[in-house]
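Down below is the structure, laid out as structure tokens.
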Amino acid sequence: MNFRFLLFCILISIEGISQTLGCTDVLAKNYNSKATINDGNCVYKKETINLTRFFVLNEKLKETSGLIHWNNRLWTHNDDTDTNLYALDTIDGKILETYNLPNVTNTDWEEISQDENYLYIGDFGNNASGNRTDLHILRIEKSSLLARNPIIDKIEFKYSNQTNFTKQFANKTNFDCEAFVVTKDSIYLFTKEWKTKQTTIYSLPKTPGKYIAKQKEVYNIKGLITGATYLKAKNILALCGYTRNGKPFVNLFYDFKENNFFAGNKRKIKLKTRFLQIEGISTNDGLHYYITNEHLKFVLANNPQEMHVFDFSKYLNPFIDSNTIK
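Numbering-wise, this note's numbering puts 32 at position 28 of the sequence shown, and it's gapless, one number per residue.
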């Protein structure tokens, strides 16, 4: 009995010694060919990517916000009063169908996400005064939506560390949110922090009820996060946003374990476009990404609502080819 235990300990020790921490991404500047376990510290050169194509969206989508790919279509919504969902053609972005969601209000719909059976819409935009007490996510049964008799319930929440609900000036809060993803058993929020330019992950259950969103992790993203897309099959999370100076970017997170999104590779890609208030991001294959921007008019520009397509294959193909979850 003692001999077997000793042998077991020796084998465990050998296995531990054979594992080498380091950067496992061949595209990184500090790639370690001997590394067997990704330590999450890969370093990359700065990159800027050109769009593949773009198209102007219908006038009805001036305030387009969230974006998902489902049922061979792209789906979006507006972030101000409009309570419709719009199904779009993936080729040219034209509206194919409009689905009304009855008996709900749109205070500030900022994001849409999904799992196998439900769509989720986040009514949690909080930049106006930072003191909303009615933050929630609508859950819509997919089959009922397609039957045009949507069954809708609600997931209500507040942040675990927000204790001050005094009204603030616009765009001064760290408790704004425009991005979330849905996993097997949870919802993960990614905040848009106007003061720190960081993002904090909060988690909550994905079933109807009232919850405290638990703070999980903070990441210095150096910008304002406006959208998220998560492809479980490829183990890739992408967050889109823009910097303090209005320059749009996408942050790619991949090769992480379970839902520890910031524990793997972290790579920022700048988007080579004019100033755009990008809002939503979605992908169907983990390589090609649709990104929307809302209509933006100011002194020097009048940018219409658009959809842009970007190809991130050269950044993600090596990882996908060798690490796709079966």
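Each residue gets a CB set at the ideal place from its N, CA and C atoms; glycine is no exception.
Quantities reported herein were computed from a predicted structural model and do not represent experimental measurements.
In this structure, the alpha-carbon of T203 lies about 24 Å from that of N110.
Between T230 and E283, the C-beta spacing is below 8 Å. The region 260-270 and the region 182-194 touch, with three or more beta-carbon pairs separated by less than 8 Å.
The DSSP-derived three-state label of S69 is strand. Contact annotation: V108 and T87 have beta-carbon atoms nearer than 8 Å. Between S286 and T233, the C-beta gap is smaller than 8 Å, which places the two residues in contact. The region 72-91 makes contact with the region 115-132, as at least three CB pairs between them are under 8 Å.
Contact check for Y246 against F253 passes: the beta carbons are separated by less than 8 Å. Beta-bridge partners assigned by DSSP to Q219: Y206. DSSP lists D127 and E160 as the bridge partner or partners of H140.
The Cβ-Cβ distance between I324 and C244 does not fall below 8 Å. No Cβ-Cβ contact shorter than 8 Å links K220 with I240. The three-state secondary structure of A267, taken from DSSP, is helix.
For D96, the CB contacts under 6 Å within the same chain, skipping 5 residues up- and downstream, are F59 in chain order.
For the 8 Å CB-CB criterion, F279 and Y293 do not form a contact. Burial state of I216 is exposed, judged by a 10 Å Cβ sphere holding fewer than 16 other Cβ atoms. Leaving aside the five residues that flank G44 on each side, the residues in its chain whose CB is nearer than 6 Å to its CB run, in chain order, A267 and G268. One thing to note: K214 has its Cβ within 8 Å of the Cβ of E160. Taken through DSSP and simplified to helix, strand or coil, K176 comes out as coil. Residues of the same chain with a CB within less than 6 Å of the CB of Q23, apart from the 5 flanking positions on each side, are T40 and I41 in chain order. With respect to the C-alpha of T177, the residue from K201, I141, P308 and G134 having the closest C-alpha is G134.
Scanning N327, S326 and P322 for the CA closest to the CA of L31 turns up P322. Rounded to the nearest angstrom, the gap between the Cα atoms of H140 and K158 is 7 Å. Contact between K218 and I53 is ruled out by a C-beta separation of about 35 Å, above the 8 Å threshold. With fewer than 16 other CB atoms across the displayed protein chains lying within 10 angstroms of its CB, E120 is exposed. In this chain, the alpha helix (DSSP H) harbouring L149 covers K146 to L150.
Just so you know, the alpha carbons of L208 and A151 end up roughly 29 Å apart.
When DSSP states are grouped into helix, strand and coil, E283 belongs to the strand group. Annotation: the continuous beta strand (DSSP E) that includes Y90 extends over N88 to L92. Residue environment analysis places T200 among the exposed positions, since fewer than 16 neighbouring C-beta atoms fall within 10 angstroms of its C-beta. About 20 Å separates the beta carbons of Y163 and R143, which is beyond the 8 Å limit, so they are not a contact pair. With a cutoff of 8 Å on beta-carbon distance, K251 and K274 are scored as near each other. Bounds of the beta strand (DSSP E) holding S117 are W113 to Q118. According to DSSP, residue pairing for W79 in a beta bridge involves I72 and A91.
If you ignore the 5 residues before and after Q166, its C-beta comes within less than 8 Å of the C-beta of F179, all in its own chain and listed in chain order.
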